[in-house]
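Using the numbering used here, the letters of the sequence shown correspond one by one to residues 4 to 351.
Even glycine gets a Cβ: it sits at the ideal position worked out from N, Cα and C.
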Amino acid sequence: MKSPLSPETKIVDAKRRGLLGSAVFGSVALATARIGNAMQRSAFPSKRPSAANSIQDNSSMTVTYKTKKLGDVDVFYREAGRPGAPVLLLLHGYPTAGHMFRELIPLLASDYHVIAPDLPGFGNTKAPPRGQFDYSFDHLAQVVTAFTEALGLNKYALYVFDYGAPTGFRVAAAHPERVTAIITQNGNAYEEGLSDVWAPYQAYWRAPSEQTRAACRDALSPEAIRMQYLHGADPLKVSPDGYTLDAAYIARPGMDDIQLDLVLDYRTNVALYPAWQAYFRKHQPPLLSVWGDKDPFFLPAGAKAYQRDIPDAEVHLLNTGHFALETHAAEIAVLMHDFLARKVGSLA
C-alpha cells in the first residue's frame with residue numbers, strides 16, 4: 004500500500020498532469036524547449052547547417068565510445084558534450100550497462116559533459132575473471148574513483164541508478180568535495196525503500212550457502228531480466244533492445260557467479276545506509292530523486308526518505324517501473340535540466 008504523500012513531495016505523471024509546475028515554469032519551459040530541440044536535431048539532423056553554432060550544437064550531441072585502461076581493467080565508456088561544460092557522471096545498475104542511457108545522453112549533451120562508464124562485470128568493460136578480481140561494491144567504487152581521476156574529473160554531478168547508487172554513494176562519501184549534485188533514479192539508501200522482493204536475497208545475506216545462492220539464480224534468467232524492464236511500465240514503450248542485450252551480457256561465461264557474488268555483497272550496502280545518510284545530513288548535496296513508483300524492488304518510500312536527511316531534496320514519482328528511462332527519458336531529462344541549471348549551472 005502506498006503511503007500518503009507529504010506536501011513537499013511532487014508527484015509527476017507525465018500523461019495526466021504534465022511537468023510544468025508554476026513555481027519553476029520559466030526554467031522548466033526553457034529546459035523543455037532544449038529537450039525538444041535536442042530530440043528534433045537527433046531525429047532530423049539539418050541537411051543545410053547555416054551557422055557554426057548549429058554545427059557545434061549537433062557535434063556536442065554525438066556520442067563517442069572509448070576505453071580507459073586502469074591497471075588490469077579496461078573501462079569502456081560513452082561520452083558526449085563539450086569539454087568545459089559541467090560534468091555529469093552516469094552510473095548504471097544491474098543487469099545493464101551504459102547503454103541504458105542511450106536516449107538520455109543526447110538530451111543532456113547540449114549543456115553538460117556527459118560520461119557513462121560500464122562497471123566491471125557489466126557491459127563492455129573488461130576485467131579479470133572471478134578469483135583474480137574482487138567483485139564487490141567497494142572495489143567497483145574504487146574503479147570509478149580511479150576512472151574519474153584518470154580523466155581529470157575534479158567536479159561532477161552523479162546520476163545513480165540501482166547498483167550505481169551504492170557505488171556512487173561510496174564515491175561521494177569518500178570525496179564529498181568533488182560531487183556537485185546527485186540525481187538518484189530508483190537508487191536506494193534507506194531500508195524502507197526495500198520491498199519484499201528482497202526476501203530471498205536477504206536470506207542469502209544472513210546465511211550464505213549453496214542453497215540460498217541457488218535461490219537467487221533465477222533472477223539471472225532472460226525472462227527475469229525482461230520482467231524487470233516490463234513490471235509497472237507501459238510495455239508498448241519498452242524497447243526489447245535493452246533487456247535482450249542485458250540477457251546476452253549475463254549469459255557470458257562466468258558472469259552468473261560474478262553477479263551472485265555482487266548479490267551477496269549487496270548486504271554491505273544496507274550496512275552502509277546509516278553512513279550515507281550521515282553524509283547527506285552533513286554535506287547537504289543538492290539532490291533530485293526521480294523514481295518509477297511501480298518499481299518492484301525499491302519502493303517510493305525510499306525516494307521520499309531523502310527529504311528526511313536533505314530537506315531541500317526534490318522528489319518526483321513517475322508512473323512507471325524500475326527502468327524509468329525506458330519510458331520517461333524525455334521527462335527525466337527535463338527535470339534534470341531544470342534541477343542542474345539551478346543547482347550546478349550549465350554551459351548555456
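Under three-state DSSP, which class holds residue 50? Locating residue 50 in the sequence shown gives position 47, counting from the first residue. For residue 50, the predicted structure reports a pLDDT of 45, less than 50, and the residue's modelled location is therefore unreliable. A value from the coordinates is still provided. Residue 50 falls in the coil class under three-state DSSP.
Please name the residue in 278, 342 and 109 whose C-alpha comes closest to that of residue 81. Indexing the sequence shown from 1 puts residue 81 at position 78. Selected option, being the one with the closest Cα: 109.
Quick check on residue 99: buried or exposed, where buried means 16 or more other Cβ atoms within 10 Å of its Cβ? As a working note, residue 99 is residue 96 in the sequence shown. Looking at its Cβ environment, which holds 16 or more other Cβ atoms inside 10 Å, residue 99 is buried.
Counting only the same chain and skipping the five closest in sequence on each side, list residues whose C-beta sits under 8 Å from that of residue 220. Here the question's residue 220 lines up with position 217 in the sequence shown. Cβ neighbours of residue 220 beyond the five flanking positions: 259 and 263.
Compare the beta carbon distance of residue 92 and residue 166 with 9 Å and say whether it is the shorter of the two. Within the sequence shown, numbered from 1, the residue matching residue 92 stands at position 89. Within the sequence shown, numbered from 1, the residue matching residue 166 stands at position 163. No, the Cβ-Cβ distance between residue 92 and residue 166 is not below 9 Å.
How long is the line joining the alpha carbons of residue 174 and residue 156, rounded to whole angstroms? Position 171 of the sequence shown holds residue 174. Position 153 of the sequence shown holds residue 156. Whole-angstrom Cα-Cα distance: 13 Å.
Taking C-alpha atoms, which residue in 141, 208, 145 and 288 lies nearest to residue 181? Your numbering for residue 181 matches position 178 in the sequence shown. When only C-alpha atoms are compared, the closest one is 288.
Which one or two residues does DSSP pair with residue 295 in a beta bridge? Counting from 1 along the sequence shown, the entry for residue 295 is found at position 292. DSSP output for residue 295 lists 321 as bridge partner(s).
What residue ranges within the stretch 237 to 288 form continuous alpha helix (DSSP H) runs of no fewer than 4 residues, ordered along the chain? 243 to 253 and 258 to 286
May I have the straight-line CA-CA distance separating residue 334 from residue 133, to the nearest angstrom? Taking the sequence shown and counting its residues from 1, the one referred to as residue 334 is at position 331. Taking the sequence shown and counting its residues from 1, the one referred to as residue 133 is at position 130. Using only the alpha carbons, I get a separation of about 39 Å.
Provide the residue span of the beta strand (DSSP E) that contains residue 67, from first to last. Taking the sequence shown and counting its residues from 1, one reaches residue 67 at position 64. That run of the beta strand (DSSP E) goes 67 to 73.
With a floor of 4 residues, list each alpha helix (DSSP H) that falls wholly inside the stretch 141 to 215, ordered by position along the chain. 167 to 177 and 202 to 209
Helix, strand or coil at residue 303 according to DSSP, with G and I counted as helix: For the purposes of this step, residue 303 is taken as the residue at position 300 of the sequence shown. Residue 303: helix per DSSP, three-state reduction.
Contact belief for residue 272 with residue 123 at Cβ below 8 Å, rounded distance in angstroms: As a first step, residue 272 is located in the sequence shown; it is residue number 269 there, counting from the start. As a first step, residue 123 is located in the sequence shown; it is residue number 120 there, counting from the start. Contact flag wrong, Cβ pair sits at about 16 Å.
Would you tell me roughly how many angstroms separate the C-alpha atoms of residue 352 and residue 187, rounded to the nearest one? This structure cannot settle anything about residue 352, because the visible part of the chain is limited to 4 through 351.
What residue from 125, 102 and 112 has the CA that sits closest to residue 255's CA? Taking the sequence shown and counting its residues from 1, one reaches residue 255 at position 252. Closest by alpha carbon: 125.
Secondary structure of residue 116, DSSP reduced to three states: Stepping through the sequence shown from its first residue, residue 116 is reached at position 113. In the structure shown, residue 116 falls within a strand segment according to DSSP collapsed to helix, strand and coil.
Report the residue from 293, 178, 153 and 343 whose alpha carbon sits nearest the alpha carbon of residue 321. On the sequence shown, residue 321 is found 318 positions in, with the first residue counted as 1. The shortest C-alpha separation from residue 321 is found at 293.
Taking residue 130 as part of the alpha helix (DSSP H), name the residues at either end of that continuous run. Taking the first residue of the sequence shown as 1, we reach residue 130 at position 127. Residue 130 -> no alpha helix (DSSP H), and no H or E assigned at all.
Pull up the distance between the alpha-carbon of residue 243 and that of residue 300, whole angstroms please. Residue mapping note: residue 243 aligns to position 240 of the sequence shown, counting from 1. Residue mapping note: residue 300 aligns to position 297 of the sequence shown, counting from 1. Near 21 Å, if we compare the C-alpha coordinates of residue 300 and residue 243.
Taking three-plus beta-carbon pairs below 8 Å as touching, is the stretch 190 to 197 in contact with the stretch 220 to 239? no
Taking C-beta to C-beta, are residue 76 and residue 130 nearer than 9 Å? For the purposes of this step, residue 76 is taken as residue 73 along the sequence shown, with counting starting at 1. For the purposes of this step, residue 130 is taken as residue 127 along the sequence shown, with counting starting at 1. The answer is yes: Cβ separation under 9 Å.
Excluding sequence positions up to five away, which residues of its chain have a Cβ less than 7 Å from the Cβ of residue 193? For the purposes of this step, residue 193 is taken as the residue at position 190 of the sequence shown. If we look at residue 193 and ignore the five residues flanking it on each side, its Cβ neighbours are 276, 305 and 308.
Mapping DSSP to helix, strand and coil, what is residue 105? For the purposes of this step, residue 105 is identified with residue 102 of the sequence shown, where counting begins at 1. In the structure shown, the three-state DSSP call for residue 105 is coil.
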